[in-house]
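Worksheet: one structure, shown below.
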Amino acid sequence: MNKPTQIAIAALMLALLSGCAQYDNRRGVLDNWQAIESATFTRGETTRQQVLSALGPPSQIVALGDETALYYLYEQSKGQGLVLVVYNRFKLDTQYDRAVFFFDSDDRLTDYATQLATGDER
């Protein structure tokens, strides 16, 4: 086998072993995130059951002494990559939607906070 043929075979092997990759991963509670923006949660009046009815089951329930907290989390990751034999490059963008609701011993809302990613398409 002559040298140009060997080089051509090596280049073909490298081309066959390289490629592009795309990544899309979604985890967490997704069902009713738009309900957070449209719902009116009132501290001291809204009950735990009303929040559960509006948003569905949380990602976590946290016991804090006499209080409880409902924690909602949704994570979306998207990325692209170039996979070569000797060089790999990936770009990954992860966005999080979070909401936490605190309730007293009577299951009344005492406080809440939300952080929703902007420009997120679901």
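Each residue of the sequence shown is one higher than the one before, counting from 23 in my numbering. All residues carry an ideal CB built from backbone N, CA and C; glycine is no exception. Since we're looking at a predicted model, the values are computed, not measured.
| Check | Outcome |
| --- | --- |
| Residue 83 versus residue 125: straight-line alpha-carbon distance, rounded | 11 Å |
| Inter-residue spacing [alpha-carbon to alpha-carbon] between residue 100 and residue 117 | 9 Å |
| Residue 99: first and last residue of the uninterrupted beta strand (DSSP E) it sits in | 89-105 |
| Classification of residue 27 by the beta-carbon crowding that lies within 10 angstroms, buried from 16 upward | exposed |
| Buried or exposed by the 16-neighbour rule on C-beta atoms within 10 Å, applied to residue 77 | buried |
| Residue 135, enclosing beta strand (DSSP E) - first and last residue | 131-137 |
| Presumed contact (8 Å Cβ cut-off) between residue 131 and residue 68, rounded CB distance | 4 Å |
| Euclidean distance between Cα positions of residue 104 and residue 112 | 6 Å |
| Rounded Cβ spacing between residue 98 and residue 44 (contact assumed at less than 8 Å) | The Cβ separation is near 14 Å, so there is no contact. |
| Residue from 51, 139, 123 with nearest C-alpha to residue 90 | 123 |
| Minimum C-alpha distance to residue 61 - residue among 81, 109, 121 | 121 |
| Residue 27 (DSSP reduced to helix, strand or coil) | helix |
| Proximity below 8 Å, CB of residue 81 to CB of residue 94 | yes |
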